[in-house]
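Residue numbering for the sequence shown is 1 to 951, as defined by UniProt numbering.
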Amino acid sequence: MISNIEDCVDRFTHRLKCKQHSGGGGAAASLVRRVTHKMKNIQSCSSYSDEIQKLKRRLKEARQRVIDSVPVGQPNGLSTSVMLDASKPCRAVTRNPVGIEKPMDELLSLLHEVQGEPQQLRVISIVGFGGLGKTTLARAVYDNTHVKETFHFCAWVSATDTSSEISQRIKGILRDILQQVVPKDSMDVDNNNLEASLKEYLSDKRYLIVIDDVQMDEWRAVNSAFVDNSTSSRIILTTTIQSVANLCSHGNGYVYQMDTLGEEDSKKIAFPGIRSPELEQGSSALLGKCDGLPLALVSVSDYLKSSVEPTGELCAKLCRNLGSHLKERHDHDNFSDLRKVILDNYDSLAGYALSCFLYLGIFPNNHPLKRKVVTRRWLAEGYARSESLRGEQDIADENFDKLVDRNIIRPIVTRNNSQVKTCKTHGIMHEFVLHKSLSHRFIRIMSPDHPRVGSNANSARHLSVHDGKLTECEASDEDLSRVRSLTVFWDAGGAISYVCKCKLIRVLDLEECTDLKDNDLKHICKLCHLKYLSLGYSIHELPRCIDGLHCLETLDLRRTKIKSLPLEAIQLPHLTHLFGNKLMLDKNDLNNTKKMSKLEKFISGKKSNLQTLAGIVADGSKGFICSKKEDSKGFLQFILDMDKLRKVRIWCKQVVNSDSYICDLSKAIQKLTKVPMDRDNDCSLSLYFEETGEDFFSSLNLEPCSEGSKYDLRSLKLHGKLLLLPPFVTLLSGLTDLCISSAILTQGLLSALAKLGKLLYLKLIAELLEGFEIKHGAFPSLRHLCFQVQSLSVAQPTNKEGALLTIEQGALPNLVSLQLLCRDLVVGLSGIDIRHFKHLKEVTIDAETTAETRQNWECAAKGHPNRPRVKLVKTDNPIENEELGPCATREKRKRCPAQPSLGGGLDFHLKKMKLSESSSWSQAIVQPMMGADTTASSSIPIPLHADESLS
Numbered sequence: 001m002i003s004n005i006e007d008c009v010d011r012f013t014h015r016l017k018c019k020q021h022s023g024g025g026g027a028a029a030s031l032v033r034r035v036t037h038k039m040k041n042i043q044s045c046s047s048y049s050d051e052i053q054k055l056k057r058r059l060k061e062a063r064q065r066v067i068d069s070v071p072v073g074q075p076n077g078l079s080t081s082v083m084l085d086a087s088k089p090c091r092a093v094t095r096n097p098v099g100i101e102k103p104m105d106e107l108l109s110l111l112h113e114v115q116g117e118p119q120q121l122r123v124i125s126i127v128g129f130g131g132l133g134k135t136t137l138a139r140a141v142y143d144n145t146h147v148k149e150t151f152h153f154c155a156w157v158s159a160t161d162t163s164s165e166i167s168q169r170i171k172g173i174l175r176d177i178l179q180q181v182v183p184k185d186s187m188d189v190d191n192n193n194l195e196a197s198l199k200e201y202l203s204d205k206r207y208l209i210v211i212d213d214v215q216m217d218e219w220r221a222v223n224s225a226f227v228d229n230s231t232s233s234r235i236i237l238t239t240t241i242q243s244v245a246n247l248c249s250h251g252n253g254y255v256y257q258m259d260t261l262g263e264e265d266s267k268k269i270a271f272p273g274i275r276s277p278e279l280e281q282g283s284s285a286l287l288g289k290c291d292g293l294p295l296a297l298v299s300v301s302d303y304l305k306s307s308v309e310p311t312g313e314l315c316a317k318l319c320r321n322l323g324s325h326l327k328e329r330h331d332h333d334n335f336s337d338l339r340k341v342i343l344d345n346y347d348s349l350a351g352y353a354l355s356c357f358l359y360l361g362i363f364p365n366n367h368p369l370k371r372k373v374v375t376r377r378w379l380a381e382g383y384a385r386s387e388s389l390r391g392e393q394d395i396a397d398e399n400f401d402k403l404v405d406r407n408i409i410r411p412i413v414t415r416n417n418s419q420v421k422t423c424k425t426h427g428i429m430h431e432f433v434l435h436k437s438l439s440h441r442f443i444r445i446m447s448p449d450h451p452r453v454g455s456n457a458n459s460a461r462h463l464s465v466h467d468g469k470l471t472e473c474e475a476s477d478e479d480l481s482r483v484r485s486l487t488v489f490w491d492a493g494g495a496i497s498y499v500c501k502c503k504l505i506r507v508l509d510l511e512e513c514t515d516l517k518d519n520d521l522k523h524i525c526k527l528c529h530l531k532y533l534s535l536g537y538s539i540h541e542l543p544r545c546i547d548g549l550h551c552l553e554t555l556d557l558r559r560t561k562i563k564s565l566p567l568e569a570i571q572l573p574h575l576t577h578l579f580g581n582k583l584m585l586d587k588n589d590l591n592n593t594k595k596m597s598k599l600e601k602f603i604s605g606k607k608s609n610l611q612t613l614a615g616i617v618a619d620g621s622k623g624f625i626c627s628k629k630e631d632s633k634g635f636l637q638f639i640l641d642m643d644k645l646r647k648v649r650i651w652c653k654q655v656v657n658s659d660s661y662i663c664d665l666s667k668a669i670q671k672l673t674k675v676p677m678d679r680d681n682d683c684s685l686s687l688y689f690e691e692t693g694e695d696f697f698s699s700l701n702l703e704p705c706s707e708g709s710k711y712d713l714r715s716l717k718l719h720g721k722l723l724l725l726p727p728f729v730t731l732l733s734g735l736t737d738l739c740i741s742s743a744i745l746t747q748g749l750l751s752a753l754a755k756l757g758k759l760l761y762l763k764l765i766a767e768l769l770e771g772f773e774i775k776h777g778a779f780p781s782l783r784h785l786c787f788q789v790q791s792l793s794v795a796q797p798t799n800k801e802g803a804l805l806t807i808e809q810g811a812l813p814n815l816v817s818l819q820l821l822c823r824d825l826v827v828g829l830s831g832i833d834i835r836h837f838k839h840l841k842e843v844t845i846d847a848e849t850t851a852e853t854r855q856n857w858e859c860a861a862k863g864h865p866n867r868p869r870v871k872l873v874k875t876d877n878p879i880e881n882e883e884l885g886p887c888a889t890r891e892k893r894k895r896c897p898a899q900p901s902l903g904g905g906l907d908f909h910l911k912k913m914k915l916s917e918s919s920s921w922s923q924a925i926v927q928p929m930m931g932a933d934t935t936a937s938s939s940i941p942i943p944l945h946a947d948e949s950l951s
């Protein structure tokens, strides 16, 4: 019903917005066309009116059926079994848990102060997806003999009861704590003033309190009862919500991020005491879906134990039907606890947030998801609408952050500003959402694991084709009129020509399609409702009929081999984001005065909606917009009239008339950076200079700002030959994010950077780095500092020890992350004392440094009050890989002092890197200070700081 209504509205509104194409034939012919078009509109309106009346009758009948079907005494028609199944999950503690030794040791170390630090109350928040074993880990620490000897007053409270009012829950928590810490013979508690009684009793005692599954409102109400009495007391909390963990441990506390099991530990739980080649082979897919989640593995183990004999064939059968077990009850239900955990997450979402969650079923399991790609698709689908004044992009970002905050999707790569860039859905959650989406006909999957289903699947709104399973014969007899999105992974099976049957399609993602042909685009360009289009590497040319996609908002050509961009693409009226890989304006179009004049009229008339223009080559080529030679324009000139541009990435080349070219480029930079004095500029700019001289950057010159205006920019990336910092950089008053990539970084350039007082994120990439000394008071705002250098062998250091970097005490007072990525870093800590960095959360060094260097950094981390993680990252040639991505690192484990929550939480600022298969299921944020080779190096190079906002 909802789909029918949406289809009707889309067809009607689209017809109203479509403009009649102009053509020749004179005034009389034009009049005939207008009259004919008007008559057709009248007929269409009458037809739509009849359709709307039919839909209204159907809606009324459906409403009555719902009312009649609600049993008396059961609101919303929910059966008792369903209501019970969706209740709060039980808090089970596993006996003899697998892989808990190391995380337990790391958590125990957080119960003690670093030598020389004052004794103070600290809150340790254990956070992670449901079923990871947070309660089990907390209980193991709580029951530890040494802990009982250290803390004489201990209490364990479970805050899982959500049935009562908040005031009753708070009283229950406080009463439970009092009953455990106060001796029974001296119990004299005023039930009306529990908080004061608890505060008074604990005022001079060293205590350990554990609150399991705490909620935000509960912590806000009870935390005032725990006063810091300088006795090194500890409070351990468990939660599934990241923002709750950040809030509870804000300040001097710790956030302990739970992790999943490695392959070996997963097998120990799923197949205890059983190993065979047949079982190994048949269970691999099942273990992949469990994704190292202990509760899922326990459920699988119980299922296999209930069978006559666990075999690989039985595992394969369970793997095929796992989604059904997660969604509904079966005989000998072994998945009830896991189902409760999943339903708790599912029921926490509603409205568009729920649609966004179900949408993730389109993508294959373990498939990395780019945040901005996903949110742009949501926007194109209409899953971020609101009746309020809030922007749709803000709503899409909020829905994404909500999934991250609940740990439903887990970050893989994060940006400098702690925002998640790439993520993946938990394996078991992906299986649930896939089954749920399929059963509700929200999506349809065509893959080897999902063979063709009944005719009811034809009503699915989103179609995902995996590896050529939508064949031509199938596509020819399928009703695809309801499909709103088509996503193809790998081979499309030759059925892409039938995409024209998807008449109302909004999203077409062919980025990973391997057999798409240039000739197929002529069918795609007929999809007048299309809003999002991405193409893959098999495409070489963009057709001129692209102008038929007048609703298109996002055009992603980054993976294609397209180098020539027809003017028709730029003139798409709703195009907001254009991504390419060194795109140039079509030379034939540049020589066509009529086309250039039309483009100039379109852009100068402020009709362009472009906000992102990435991957454009500005080589000085221009086209004449009229017969006069002086009236010629190219990309740089057109940028001056694109008032909505916010993110620009330009590839610059050496040209013959360099003075004119530099002048045009300077004007384009000036246009993007100049704003009124009372306004911040949220724009980002990336400049790549190929085959240019060393003085090219220095030649860029911005005119003095008039009164009441300023030059400002949020993010800047410079790649080329730089000996000195370009003068215009110091004019950018609000610059917060800077990345510089050059063959060599000189002392003069590095010293000039210290003048950028508002800089938050600084990334420096070079083949060779001269010694650098950061003085007292330098970089007062900087939070993330990264040096990625290939070699120091011929650099001239500035200090006697020959260190890469010397940082004086008082510099970098707000530093959170320090990354020193150089294979020749042999001196270690000679010029740096990280204890001066009060907010430090992590130190990243190259995985190929010496064992002595790693040990030095690990010892330094142990002696820091924040106990920052020490991460090892394998890096390749920094200059060659400079385009890979933003300044972010990949890791698998994470532990850090808590920081304020922003969106998904600052604790996500550098997330998970691939570990060896034998890693434990609940690793800490980092594996730092235990002295071992903590974070396994990844074969994937560390992503570099390309203009991350453009990804």
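Idealized CB from N, CA, C, for every residue including glycine. Computed from a prediction, not measured in an experiment: that's the story for all the values here.
Can you give me the Cβ contacts of residue i inside the same chain, cut-off strictly under 6 angstroms, excluding the 5 residues immediately before and after it?
| i | result |
| --- | --- |
| G130 | T240, V341 |
| L110 | I124, Y254 |
| L723 | E694, T746 |
Return helix, strand or coil for residue i, following the three-state DSSP convention.
| i | result |
| --- | --- |
| R339 | helix |
| Y303 | helix |
| Q927 | Confidence in Q927 is poor, its pLDDT being 30 and thus under 50, which makes the residue's placement unreliable; the coordinate value appears in the next sentence. Here Q927 sits in coil by DSSP. |
| A225 | helix |
| Y201 | helix |
| S464 | strand |
| I570 | helix |
| G440 | Note that residue 440 corresponds to His in the displayed sequence, not to Gly. H440 falls in the coil class under three-state DSSP. |
| F489 | strand |
| K758 | coil |
| Q257 | strand |
| F638 | helix |
Contact defined as beta carbons within less than 8 angstroms: I believe residue i pairs with residue j. What is the distance between those atoms, to the nearest angstrom?
| i | j | result |
| --- | --- | --- |
| T422 | V413 | 4 angstroms |
| Y711 | L718 | No, Y711 and L718 are not in contact; Cβ-Cβ is about 15 angstroms, not under 8 angstroms. |
| K289 | H367 | About 13 angstroms separates the two Cβ atoms, so there is no contact after all. |
| H839 | N814 | 6 angstroms |
| L535 | T560 | 5 angstroms |
| I269 | G361 | About 26 angstroms separates the two Cβ atoms, so there is no contact after all. |
| F579 | A614 | 5 angstroms |
List the residues that DSSP assigns as beta-bridge partners of residue i.
| i | result |
| --- | --- |
| I740 | L718, L764 |
| L812 | Paired residue(s): none; L812 is not in a bridge. |
| T612 | H577, K647 |
| A618 | C652 |
| Y498 | DSSP lists no partner for Y498. |
| G623 | K633 |
| E773 | T806 |
| S686 | R649, K717 |
| K582 | K582 pairs with nothing; no bridge assigned. |
| L155 | The question names Leu, but residue 155 in the sequence shown is Ala. According to DSSP, which records beta bridges pairwise, A155 is partnered with I209. |
Excluding five sequence neighbours on each side, which residues of the same chain lie with their C-beta closer than 7 angstroms to the C-beta of residue i?
| i | result |
| --- | --- |
| L599 | L567, I570, Q571 |
| F635 | L585, I616, A618 |
| A138 | I126, V210, D212, I236, T238 |
| E808 | I774, K775, H776 |
| S742 | G720, K721, L722, A766 |
| G548 | C525, K526, C528 |
Meets three-Cβ-pair contact criterion under 8 angstroms: the region 394 to 403 and the region 355 to 363: yes
Is the region 371 to 387 in contact with the region 436 to 446, if contact means three or more CB pairs nearer than 8 angstroms? no
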